[in-house]
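Residue numbers (the UniProt record's numbering), protein chains in the order written: chain X, 1 to 225; chain D, 1 to 225. Glycine included, each C-beta is placed from N, C-alpha and C at the ideal position. Data block below; observations after.
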DNA sequence: AGAACAACTATACCTACGTTTGTAATGCGC
DNA sequence: GCGCATTACAAACGTAGGTATAGTTGTTCT
C-alpha cells in the first residue's frame, strides 16, 4: 500500500548514522518516492506513509529515527500530528517540509520542538543535514532515556522499605534519623541500606546520590541551598 | 537620543512580571513609540533603542528582562544581533517582530533560541503574551544561574588542596584512597574534608555531592553506570 | 504443610568518618 | 620582621557506617 523499503542496509560504505530509520509522511506520491530514494542513496533505512493516521496505526520500531513530515496533509495536518505525537509521548524529532507554508506555521512547529522547517524547493543537502541533526538528537535522547529506565528497573527490585530508606539516605539523613522517621531500629536501617547499595550496584554513596538525582527521587524535606 | 522611559513603576495595579525590563530595538520611531506605550501601559519598564549597536554600547542592567527586536534594522540585522548576543554570552530572551520576514528567517531565529517571531500586524495581546513568556524564561534562567554562581563563589573560598579533596570526595573515594591519590596522610584528608563541609555550608554528604553535580565537578575517574 | 521471602531485631565487631588539640614548616604581604 | 593563610601531620577520642550471625513473625505461593 505504501513503499516500505527497508533499504540496502549493507551498502559497503559506512555512512554516518547508519541503521537509523527515516520516517516519511507525505501525501504526494512522486515527492514521497524521491525522498525515499534520496535517503536510501546515503544508506538510511526508510519507512514512508501517505498520511498521519497510517503512521499512527503502524507500530513504530524502537530504534534511532526521525520524521520528515509534510505540513499540508489530508486528514490530520502536519502540525496537528506533531501535537498528537507529543501528547502520546512519542518524542521522534521532526523535520517539516512544505510548499505553501507561512511564518506562524514555522514558528508553531519550532516552538513544538521541530528540528527544522524547510520550504520547497530545498537542496537535498539541506534536508540531509537536517536528518543527520535529527537522528543525532534522537540518539542522545534515547541514551539519556535508557539510563533512566535502567536505573528505574534497578530501583524496582528494591522492597518498599528499601526504597523508603534509599529516599531518606538521598536527603542526607543519618541512619538513626531514618530509623526514627520510619519507626525502625537503627540496625534495620543499616541492613536495608546495605541491600540498597548492592541492588542498585552503587559503588559509593556519591554514586547512589547521583542515581537518585537521575531518578528524580528525594523525600519531601528540603535541603540544598 | 532615544526614549529611555523607566516608566511609572508604581501604578497601583500589581501586573504580572512587574519590575522586569523590556528592551526594544526598532528603527521606526513611531513603531518604537507605540511599543513603548504598550508595555508601559501594563506596568513594564521599557528601554528602547534605534539600532543594535546602541544597545550593545549601553551597559545592560542585571535584572529580569527580554528583548523585542525588529528583524530588519540599519547596520546589524536582528538575526545577526541575536548571534552577536549569543557570542557575547548574553542570554536575554528575544522576541522578533517583522513586517517583511520569511520562513527561513523565522526558523533561524527560533533555532537560535528566540521565544517568538511575530509578523506585523499582530495583536497587542500576542506580543504581551510573548513578553510574559520571555521574562518568565529569563527569570528561571537567572535563578538557575544564580545558584551556580553562589556555589562557585563558595567553592573559590576553598584552598587548592581543599578543592582537590572535594573533587575526590565527589567521585566516591574513601579518605584513605584520597590520601594515597594526593600523597597525604589520611588524617590530613579528614581535616580538609571537614573544612570543605563547613565552607561549602553542606549539611550532609548528599548535599555536597549535589553541589558538585551543579558545579559540574568530578575528577577524571569514571563511576556512574 | 513446607518453601521462600519480606520485614524486623539483637549481639558483636570492625572500619570509616570526624573533631579537637597541638605542632611545625613554608611563603606571602606590608 | 610580624602576622596570617596554607599545608601538613600526630594522638586521642567519639560517632557513624557496615557486615556477619542468628533469630522471630507474617505472607504468599505451591
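Could you please give me the residues that DSSP links to residue 48/D through a beta bridge? 24/D
Three-way DSSP call (helix, strand, coil) for residue 138/D in this model: helix
So residue 107/X contacts chain D; which residues on that side make the cut at Cβ distance below 7 Å? 106, 110, 116, 117
I'd like to confirm the pairing. Which residues does DSSP put opposite residue 158/X in its beta bridges? For residue 158/X, which the question treats as bridged, DSSP gives no partner whatsoever.
Touching by the beta-carbon criterion (3+ pairs, under 8 Å), the segment 118–136 of chain D and the segment 88–104 of chain D: yes
Beta-carbon within less than 8 Å of residue 208/D's beta-carbon, same chain only, minus the 5 sequence neighbours each way: which residues are those? 166, 169, 170, 196, 197, 200, 202
Length of the line joining the Cα atoms of residue 107/X and residue 218/D: Their Cα atoms are separated by approximately 39 Å.
Contacts around residue 215/X, its chain only, beta-carbon distance under 8 Å, and the 5 residues preceding and following it disregarded: So the list reads 148, 151, 152, 155, once near-sequence residues are dropped.
Identify the residues that DSSP records as bridge partners of residue 68/D: which are they? 24/D, 95/D
Residue 224/D at chain X interface by Cβ criterion, 9 Å: Only weak support is given to the placement of residue 224/D: the predicted model assigns it a pLDDT of 38, under 50, and the question is left unresolved by the model.
For residue 172/D and residue 181/D, the rounded distance between their alpha carbons: 13 Å
Pairwise C-alpha distance: residue 41/D and residue 14/D: Unreliable placement is indicated for residue 14/D, whose pLDDT of 41 sits below 50; the coordinate value is still reported in the next sentence. Using only the alpha carbons, I get a separation of about 12 Å.
What alpha helix (DSSP H) runs, 4 residues minimum, are completely inside the UniProt domain "HTH luxR-type" (151–216) of chain X? 160–170, 175–182, 186–199, 205–215
Which of helix, strand or coil DSSP assigns to residue 118/D: strand
Is the Cβ of residue 204/D closer than 9 Å to any Cβ of chain X? For residue 204/D, the closest Cβ of chain X is nearer than 9 Å.
In three-state terms, what does DSSP make of residue 89/D? coil
Among 19/D, 66/D, 56/D, 211/D, the one whose alpha carbon lies nearest that of residue 131/D: 66/D
Report, in whole angstroms, the separation of the C-beta atoms of residue 115/X and residue 137/X, which I expect to be a contact under 8 Å. 6 Å
Distance, residue 46/D Cα to residue 113/X Cα: 30 Å
Proximal chain D residues relative to residue 213/X, where beta-carbon distance stays under 8 Å: 210, 213
Please list, in chain order, all residues of the same chain as residue 35/D whose beta carbon is under 6 Å from its beta carbon, the five residues on each side excluded. 24
For residue 70/D, does the count of other Cβ atoms within 10 angstroms reach 16, so buried, or fall short, so exposed? buried
Measure the C-alpha to C-alpha separation of residue 8/X and residue 92/X and round it to an integer number of angstroms. The predicted model places residue 8/X with a pLDDT of 35, which falls under 50 and marks its position as unreliable; any figure quoted below should be read in that light. For residue 8/X and residue 92/X, the distance between alpha carbons rounds to 23 Å.
What residues in the UniProt domain "HTH luxR-type" (151–216) of chain D bring their beta carbon closer than 7 Å to a beta carbon of chain X? 170, 171, 172, 201, 203, 204, 205, 206, 207, 209, 210, 213
Nearest by alpha-carbon distance to residue 78/X: which of 56/X, 39/X, 129/X is it? 56/X
Given residue 194/D as reference, the closest of 158/D, 210/D, 54/D once Cα atoms are compared: 158/D
Is it buried or exposed for residue 210/D, if we count other Cβ within 10 angstroms and need 16 for buried? buried
I want to verify the contact list: residues of chain D whose CB lies under 7 Å from the CB of residue 101/X, in sequence order. 103
Euclidean distance between Cα positions of residue 104/D and residue 105/X: 12 Å
I think residue 64/D touches residue 133/D, with their Cβ atoms under 8 Å apart; what is that distance to the nearest whole Å? Rounded, the Cβ-Cβ distance is 13 Å, inconsistent with contact.
Endpoints, the alpha helix (DSSP H) within which residue 104/D is located: 103–111
So, for residue 139/D: in the same chain, excluding its five sequence neighbours on each side, which residues have a beta-carbon less than 6 Å away from its beta-carbon? 64
Go ahead and pull the three-state DSSP assignment for residue 218/X. coil
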